[in-house]
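*Asks:* Sharing a structure, written as structure tokens. Questions coming.
Number of protein chains: 2
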Amino acid sequence: MPSHDLSPPAVTRGGRAQVLAAAAELFTRDGYAATTTRAVAERAGIRQSTLYHHFANKDDILATLLEGTVAPTAAYAERLLTTAEAVPGARLWALVRFNTELLLGGLSNLGALYQLPEVRGERFAGFRQTRCRLAAAYRELISPLQPLPEAELRLRGELVLGLVEGAVAVARGCSEQDAAEVPAAAADAAVRLASDYGCPAEHLALLRAAALAL
Amino acid sequence: MPSHDLSPPAVTRGGRAQVLAAAAELFTRDGYAATTTRAVAERAGIRQSTLYHHFANKDDILATLLEGTVAPTAAYAERLLTTAEAVPGARLWALVRFNTELLLGGLSNLGALYQLPEVRGERFAGFRQTRCRLAAAYRELISPLQPLPEAELRLRGELVLGLVEGAVAVARGCSEQDAAEVPAAAADAAVRLASDYGCPAEHLALLRAAALAL
DNA sequence: GTCTATACATGGATAGAC
DNA sequence: GTCTATCCATGTATAGAC
Chain A
3 MPSHDLSPPA VTRGGRAQVL AAAAELFTRD GYAATTTRAV AERAGIRQST
53 LYHHFANKDD ILATLLEGTV APTAAYAERL LTTAEAVPGA RLWALVRFNT
103 ELLLGGLSNL GALYQLPEVR GERFAGFRQT RCRLAAAYRE LISPLQPLPE
153 AELRLRGELV LGLVEGAVAV ARGCSEQDAA EVPAAAADAA VRLASDYGCP
203 AEHLALLRAA ALAL
Chain B
3 MPSHDLSPPA VTRGGRAQVL AAAAELFTRD GYAATTTRAV AERAGIRQST
53 LYHHFANKDD ILATLLEGTV APTAAYAERL LTTAEAVPGA RLWALVRFNT
103 ELLLGGLSNL GALYQLPEVR GERFAGFRQT RCRLAAAYRE LISPLQPLPE
153 AELRLRGELV LGLVEGAVAV ARGCSEQDAA EVPAAAADAA VRLASDYGCP
203 AEHLALLRAA ALAL
């Protein structure tokens, strides 16, 4: 096998990636339970039974999808934790923006699937664990903005996570150019949510600039 | 029919109310699609086919449930709109608290079902309309706190609505006494989310008192 | 790795007696 | 208004040829 296989990965028909893209779109549009494996296969350009050469079962597709969205965000979050910030809140702002944009950038709001009852299953343990790490990172970014007892910090962290998913849902329902402003707006909102002292417009400008410089 | 029918409504077995209670619990715990009509019937103490004497179909049960949760909140919201408030934000605080408590008080987080794909169907038009009224009320309560262009006001309104659902989800996952504090905490968070200038602890005390006096 | 064909379980809904 | 019985569509997953 000496030579240069320079041909592109050729993600055109029936590959894993096609299946995932199809599933992402349909799961979020029609719901997980309501989406049939036939529909996923059809959109991926293959037959239903062929799905099972790429994935063990339907849950396996969903789990792969979820892990794929949360893992990059958790990785980014943990990188942020080792970074100094010039303006307080800049890292939180950056993370929320990143998170929202990732969710919005995929052609589907996979964030909305986080709360599915199926996700309590065994196959999703890895996903849940990664999401916990992300939640912990959020708490660590909120904490310096607003000293808080354990329980309240936990609540605020979860609310910020929920905010991201909510924002993505809103973005889906509005025009393209309005949607483009949602990630930054969500990040603004997260900072307000985190701190008791809000974030007036003049401080926001500083914050955004600092975040983008990260 | 002269006399005093003082016997209680006798909601014991198989009534509509039983079915609704059973469905609420199962839909939110296991998901709508994953809950079978058989399971609902069993928990309500009747046979599966008997469900169809009370409801036209499965969607009909869900729609009834959703209308039942959003309607009281919308009514309360519209009553609030005609009320003056001593402290800015008191009405918003009161509404979020009411909304969260209602959702939390039912044995199930029906709020989490709002985003179900099935809810796009025809049968749910009434529910969606009521929810729009509620969203409009939220915007009217946010607007005086924070003058905002149309699009941003809309976003903030939706984020507050999402916040309520998120808070309820969190409350389900924690101890009873922690959960008891969630409605007020969610209301606090909503005020922070609404305004650019936050809400420090000392103002919060005023706000809570004013809201409770409504 | 993709296909055809099909097994097999599940679940919503209906018929009709009591 | 509740039951028993059942229909029938749907949908996941498997078997096995190419």
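Residue numbers (our numbering), protein chains in the order written: chain A, 3 to 216; chain B, 3 to 216.
The beta-carbon is built from N, C-alpha and C at its ideal position, and this holds for glycine as well.
Can you check whether the C-beta of glutamate 160 of chain B is within less than 8 Å of a C-beta belonging to chain A?
*Replies:* yes
*Asks:* Please classify tyrosine 199 of chain A: does DSSP put it in a helix, a strand, or coil?
*Replies:* Coil, per DSSP.
*Asks:* Quick check on DSSP: helix, strand or coil for threonine 102 of chain B?
*Replies:* helix
*Asks:* Relative to the C-alpha of histidine 205 of chain B, which candidate in B:Val89, B:Pro74 and B:Ala24 has its C-alpha closest?
*Replies:* B:Val89
*Asks:* On the CB-based measure, 16 or more other CB atoms within 10 Å of its CB, does glutamate 219 of chain B come out buried or exposed?
*Replies:* Outside the shown range of chain B, which is 3 to 216, sits residue 219 of chain B, and nothing can be said about it.
*Asks:* Is the CB of serine 197 of chain B under 8 Å away from at least one CB in chain A?
*Replies:* yes
*Asks:* For valine 89 of chain B, which three-state DSSP category applies?
*Replies:* Reduced to three states, the DSSP call for valine 89 of chain B is coil.
*Asks:* With a threshold of 16 other CB atoms inside 10 Å of the CB of serine 110 of chain A, please say whether the residue is buried or exposed.
*Replies:* buried
*Asks:* According to DSSP, is cysteine 176 of chain A part of a helix, a strand, or is it coil?
*Replies:* Three-state DSSP puts cysteine 176 of chain A in coil, outside helix and strand.
*Asks:* Of the residues B:Ala76, B:Phe57, B:Tyr140 and B:Leu150, which one's Cα is nearest the Cα of alanine 19 of chain B?
*Replies:* B:Phe57
*Asks:* Would you verify that the beta carbon of arginine 40 of chain B is, or is not, closer than 8 Å to some beta carbon of chain A?
*Replies:* no
*Asks:* Compare the C-beta of cysteine 134 of chain B with all C-beta atoms of chain A and state if any pair is closer than 8 Å.
*Replies:* no
*Asks:* Taking only beta-carbon positions, decide if valine 21 of chain B is within less than 8 Å of chain A.
*Replies:* no
*Asks:* Along chain A, which residues have their Cβ under 9 Å away from the Cβ of leucine 147 of chain B?
*Replies:* The contacting residues do not exist; leucine 147 of chain B stays about 11 Å from chain A at best.
*Asks:* Looking only at C-alpha atoms, which of B:Glu80, B:Ala79 and B:Leu163 sits nearest to glutamine 117 of chain B?
*Replies:* Among B:Glu80, B:Ala79 and B:Leu163, the Cα nearest to that of glutamine 117 of chain B belongs to B:Leu163.
*Asks:* When you compare only the Cα positions, how much space is there between glycine 91 of chain A and alanine 65 of chain A?
*Replies:* 32 Å
*Asks:* Thinking C-alpha only, which one of A:Ala189, A:Gly33, A:Glu103 and A:Leu115 is nearest leucine 2 of chain A?
*Replies:* Residue numbering for chain A in the displayed model covers 3 to 216; residue 2 of chain A lies beyond these limits and cannot be assessed.
*Asks:* Could you tell me the distance, in whole angstroms, from the CA atom of leucine 150 of chain A to the CA atom of glutamate 80 of chain A?
*Replies:* Leucine 150 of chain A and glutamate 80 of chain A have their alpha carbons spaced roughly 21 Å apart.
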